[in-house]
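From first to last, the protein sequence lines are chains A and B.
74 is the number that our numbering gives to position 76 of the first sequence; each next residue is one higher, with no gaps.
Every number in our numbering is 487 more than the matching position in the second sequence, counting from 1.
Using N, Cα and C, we set each Cβ at its ideal position, and we do this for glycine too.
Given the structure is predicted, the values throughout are model-derived calculations rather than measurements.
In what follows, a single structure is set out as C-alpha cells and then discussed.
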Amino acid sequence: MRSVAITVNGERRELQLEPRELLVYVLRERLALTGTNVGCDTSSCGACTVLLDGESVKSCTVLGVQADGCEITTIEGLAMNGALHPVQQAFHEQHALQCGYCTPGMVMAAVSLIESGEAGSEKAIREGLEGNLCRCTGYHNIVKAVAAAASVTA
Amino acid sequence: MIPAAFDYEVATSADHALSLLGSDPDAKLIAGGHSLIPALKLRVARPSKLVDIGRLGELAYVRDAGDKLAIGALTRYKALRDDALLQEHCPIVSTTAGLVGDPQVRHRGTIGGSLAHGDPASDLPAVMLALGAELVIRGGVGERIVPATQFFTGVFQTAIGPGEMLTEIRVPKLTGATGWSYVKLSRRAQDWATVAVAALVHRDNGGLAAASIALTNMGATPLRATAVEDALTAGAKPTEAAEHMADGTDPPSDVAASAEFRAHLARVVGKRAIEEALSR
C-alpha cells in the first residue's frame, strides 16, 4: 500500500492505495463518486473522462498513485452553489443526451476542450470529442451543446 | 480489468530511475502509461515493479541543438503538437503528434513512451524512421546514440537494453527544400493507424533530389519503402512510385484489415502522402 494525497473536486483526500488500483475505481469505490462511469475499460470510449490538473484524461488508464499530489475534477465537481456548470446547462438545454451513459465523460471532455480554447468551430468540436463515444449516436446535439457552452464561456 | 499486483516507486531524477531499474530485472518504467497500463490490465505485461518517470520535468523539453532539435523523452503529445520550435523546424513531428489517439491520450502519452513501446502501429516510430532521428539511450555506464534505423527490432521490441532508458530524441531541422506529409488511415478517428505513410521529399534545383518514405503498421517494425524512394529519385511520378509502396513488407492481418487490404491501402495512402509532401 502507498499513501497518496489527491485533491478531488477541491477537497484533499488522503488514501492508502494499492499501486494497481485504477483512478476510476479509486473515485467510484474509495470515494463513492459514481458519476464517473466505466464504459469500455480499454481507454477507447471516454465514459470515464475526468480532469487531471485541468486536462481531460481517461481515468481507466491512469493509476491512482499517478494522481498523487494532483487535482482531479469529476462530474460531481462542476456545479457551483447549486448552479449547473455552463456545459451541463447547455447539455440540458440542447437535449444532448439520450441514455446518458456517455454524458459525464462527454461533459468533462468538453470542459477541457473549451478551457484549452479548442472549441472554436463545429469541426474543432467534432475532432476534439474524438475520444468519446456515444452509442445512442446522439452526436449532433452534443456538438450543439458544446458550441453553445463555448460561446457562453468565451 | 485490474492489473496483477506490482510494486511502485517514483523516480526523482533520471539517474534515480536508472538505479531503481537496475535493482530489479523485472521492473519497468512508466511514463504516461498509455501503452503500458492497457497491457498491465490485459496482463500481457506483468512487471514486478513500476518505476514512475512521468513527472521528471528534466526530460520534458524541446530544445534547439544547432542543425537538430532535441526532444526530451517525457514530452507529451500535446506539448509536441503545440511546440513552436517543432512547428517551425520539423512540422511533421508536431502535426503527427496531434494525430495520435485522441485529446485524452495526447494529454498523457509521451514520445519516449511511444518509441520505447515499439508498437509498429504507432505513428511516431515511422516519422522518426523517415527523419533519420537519433535516439539517446542512457544506461548505468553512460549514454549511447542509436539511429532510428537500428532502434526498432521487432513487435514491441527495441534496442533499449535491460537497465537502460530512452532519454532524448534528436530530429533534423527541415528547410524549405524539404516537403513533408504523414497520412494516416483508420476506421475510427481515435484508432491506431490501419496503415499510415510518412513522406519527406528533398528538392534541389526544382527537381526531386531524394525521398524518405516510412510505413506504419506494414510489418513488425516501421519500415522504409526503399523501392518507392529509389523510383522517385529516378524520376518516377508519385502514382508510379507508389505502386511499390508494399514491396518487401509483411503487413499483419487483424480485425481492422487483411494483409492484402493493407498492401492496397499503403499504395493509396502512400500516393497521397507523396503528393502532399511535394505540395509543401
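In this structure the region 577 to 589 of chain B does not lie against the region 694 to 704 of chain B, because fewer than three pairs of beta carbons, one per stretch, are closer than 8 Å. Those residues of the region 522 to 544 of chain B placed with their C-beta closer than 8 Å to a C-beta in chain A are Ile524, Pro525, Leu527, Lys528, Leu537, Asp539 and Gly541, ordered along the chain. Closest option to B:Asp691, judged by alpha-carbon separation, among B:Ala557, B:Thr720 and B:Thr640: B:Thr720. Distance between B:Leu710 and B:Val658, taken at the CA atoms: about 18 Å. Of the other Cβ atoms in all chains shown, 16 or more fall within 10 Å of the Cβ of A:Leu111; this residue is therefore buried. Where B:Ile647 is concerned, there is no enclosing alpha helix (DSSP H), because DSSP gives it neither an H nor an E.
For B:Thr582, the enclosing alpha helix (DSSP H) has its first and last residue at Pro578 to Ala584. Taking a contact to require three or more Cβ pairs closer than 8 Å, the region 33 to 53 of chain A and the region 99 to 110 of chain A qualify as touching. Contact of B:Phe493 with chain A is assigned, a C-beta pair being separated by under 8 Å. Only exposed fits B:Asp737, as fewer than 16 other CB atoms lie within 10 angstroms of its CB. Here B:Ala729 really is in contact with B:Lys758; their C-beta atoms are around 4 Å apart, less than 8 Å. With a contact defined as Cβ atoms closer than 8 Å, A:Val22 and A:Val36 qualify at about 6 Å. Of the other Cβ atoms in all chains shown, fewer than 16 fall within 10 Å of the Cβ of A:Cys38; this residue is therefore exposed.
Chain-order list of chain B residues neighbouring A:Pro17: Ala492, Phe493, Asp494, Tyr495 and Leu537, by C-beta distance under 8 Å. When Cβ pairs closer than 8 Å are counted between the two stretches, the region 56 to 63 of chain A is seen not to touch the region 112 to 119 of chain A, the count staying below three. The Cβ neighbour count for B:Asn704, taken over all protein chains shown within 10 Å, is at least 16; the residue is labelled buried. Under the DSSP assignment, B:Arg759 falls in the alpha helix (DSSP H) whose first and last residues are Ala746 to Ser766.
By the rule that beta-carbons nearer than 8 Å mark a contact, B:Met652 does not touch chain A.
Classified as exposed, B:Arg533 has fewer than 16 neighbouring CB atoms from the shown chains inside 10 Å of its CB. For B:Pro634, no alpha helix (DSSP H) run applies; the uninterrupted beta strand (DSSP E) run containing it begins and ends at Gly629 to Pro634, by DSSP. Between the region 492 to 510 of chain B and the region 13 to 20 of chain A there are three or more inter-stretch CB-CB distances shorter than 8 Å, so the stretches are counted as touching. Using a Cβ distance threshold of 8 Å, B:Ala501 and B:Thr654 count as a contacting pair. Boundaries of the beta strand (DSSP E) harbouring B:Leu537: Lys536 to Asp539, taken from the DSSP string. For the options A:Ile140, A:Val105 and A:Glu128, the alpha carbon positioned closest to that of A:Gly75 is the one of A:Val105. Secondary-structure assignment with DSSP links B:Lys555 through a beta bridge to B:Ala552 and B:Pro659. When Cβ pairs closer than 8 Å are counted between the two stretches, the region 506 to 519 of chain B is seen to touch the region 534 to 546 of chain B, the count reaching three or more.
Using beta-carbon distances, A:Leu31 does not count as an interface residue toward chain B, since no partner is under 8 Å.
Following the DSSP letters along the chain, one finds A:Ala3 inside the beta strand (DSSP E) bounded by residues Arg0 to Val6. The C-alpha of A:Ala94 lies about 15 Å from the C-alpha of A:Ala148. Contact annotation: in the region 662 to 678 of chain B, residues whose CB is within less than 7 Å of a CB in chain A are Ala676 and Gln677. A Cβ of chain B is located within less than 8 Å of the beta carbon of A:Ser42. Here B:Ala712 carries a coil assignment [DSSP, helix/strand/coil]. Among the residues of the region 589 to 613 of chain B, those with a Cβ less than 8 Å away from any Cβ of chain A are Asp589, Pro590, Gln591, Val592, His594 and Arg595, in the order of the chain. Boundaries of the beta strand (DSSP E) around B:Lys671: Thr665 to Leu672. The C-beta of A:Ala45 comes no closer than 8 Å to any C-beta of chain B.
Residue pairing by DSSP places A:Met78 opposite A:Ala81 in a beta bridge.
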